[in-house]
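Scroll down for the structure; my scribbles are underneath it.
Numbering (my numbering), first residue to last: 950 to 1084.
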């Protein structure tokens, strides 16, 4: 949704005492301290991706999807990663895997983001992986 619409909806929700979130892309949804949005994320396990890795002798044995991107790309990547070496090549595999997955976000440049929403979704997943690889 455009900025004007988002702003008006947010104002109306605030006026009515309702929680509001409209992240671009939707896979960037976090609770930001909101009770009901947090419950939604926990209940449906969708929003900003969160995964856990089980690595044995630098081989990814299992990927647990804690929170998935709404489009399912997180589960898609989890299947691809199992059996791979946990090194920098995972990022290359992630980029290829994401570009071949049918993300529901637009590929057109968004005026607010100054980039496509699909690129933003890819950056989010890469950030998730970077956090895992450095922990």
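Glycine included, each C-beta is placed from N, C-alpha and C at the ideal position.
### Query
Mapping DSSP to helix, strand and coil, what is residue 1064?
strand
### Task
Compute the Euclidean distance between the alpha carbons of residue 981 and residue 968, then round it to the nearest angstrom.
10 Å
### Task
Excluding the 5 residues preceding and the 5 following residue 1016 in the sequence, name in chain order all residues of the same chain whose CB lies nearer than 7 Å to its CB.
990, 994, 995, 996, 997, 998 and 999
### Query
Which residues bound the beta strand (DSSP E) around residue 994?
Run containing residue 994: none; DSSP gives neither H nor E here.
#### Entry: Simplified DSSP assignment, three categories, for residue 1034
strand
### Query
Beta carbon of residue 1008, beta carbon of residue 1032: below 8 Å?
yes
### Query
On the three-state DSSP scale, how would you describe residue 978?
coil
### Nearest neighbour of residue 1077, chosen from 970, 962, 976 and 1063 [CA to CA]
976
### Message
Less than 6 Å between C-beta atoms, sequence neighbours within five positions excluded: which residues of the same chain meet that for residue 1010?
### Response
1003
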